[in-house]
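Reading through the structure tokens given below for one structure.
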Amino acid sequence: MKYFAYGSNMDKNRMIERKINYTSRKFARLENHKLVFNKKAKDGNFSYANIEFSVGKFVEGAIYEFPDFEISKLDKAEGFPKHYNKVDFVVNDHNNNPVNVVAYIAQQDMIVNGLLPTSSYLNHLLAGKDILTAEYFETLLNTKTI
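Counted from 1, the sequence shown has number 29 at position 29 by full-length UniProt numbering; the numbering is strictly sequential.
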């Protein structure tokens with residue numbers, strides 16, 4: 001199975017903490033989408049990453065490959081199906097080849113605009129620096145946090 005991580009799971013150590021036994025982690029780019037921080041946390045005071053359709057924009061992240069049975073661990077960690085839904089996408093890898101992946105998208109009733117991520121949460125995204133472009137990393141670095 002191939003999974004596209006655009007939020008805190010870009011941090012390979014987070015995936016290890018979640019006991020996801022992945023076999024590879026590589027650069028990915030999802031076209032015509034943008035990264036937003038509008039998935040409310042359980043307490044409603046801050047937000048997590050989400051992606052939305054947006055023509056001409058893109059989201060970078062990580063393609064993780066792991067055995068199919070590992071997805072149940074990730075489902076639990078991501079709060080599927082209450083907090084996030086799983087959606088199939090086609091992303092491009094570092095050679096611009098299309099790759100079929102699954103990604104988690106916030107459920108509509110979990111979306112609240114105007115919230116900010118915490119700096120500790122954003123640090124997980126920044127931990128993806130080794131696979132992100134310098135420009136995209138800089139954009140993440142400039143994300144306003146609480």
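Just so you know, even glycine gets a beta-carbon here, dropped at the ideal spot from N, CA and C.
Predicted, not measured: the structure shown is a model, and the values here were computed from it.
- By the neighbour-count criterion, in which 16 or more other beta carbons inside 10 Å mark a residue as buried, D68 falls on the exposed side.
- Taking 8 Å as the cut-off, the beta carbon of Y3 is found closer than this to the beta carbon of Y64.
- In this structure, DSSP gives F37 an extended state, which the three-state scheme calls strand.
- Here the alpha carbon of Y6 sits roughly 22 Å from the alpha carbon of D43.
- Considering only N123, D75, Y121 and F137, the residue with the shortest C-alpha distance to Y84 is D75.
- With the rule of 3 Cβ pairs closer than 8 Å, the region 105-123 does not count as touching the region 12-30.
- In the DSSP annotation of this structure, I63 is not part of any alpha helix (DSSP H); the continuous beta strand (DSSP E) holding it starts and ends at S47 to E65.
- Non-local C-beta neighbours of S54 in its own chain, meaning closer than 7 Å and more than five positions away in sequence, comprise N32, H33 and K34, ordered along the chain.
- With fewer than 16 other CB atoms across the displayed protein chains lying within 10 angstroms of its CB, H94 is exposed.
- DSSP lists N92 as the beta-bridge partner residues of P98.
- Between K19 and K73, the gap from beta carbon to beta carbon is short of 8 Å.
- In terms of Cα proximity to K26, the closest of L132, Y136, L141 and F137 is L132.
- Ranked by Cα distance from V59, the first of N45, I71, V36 and V99 is V36.
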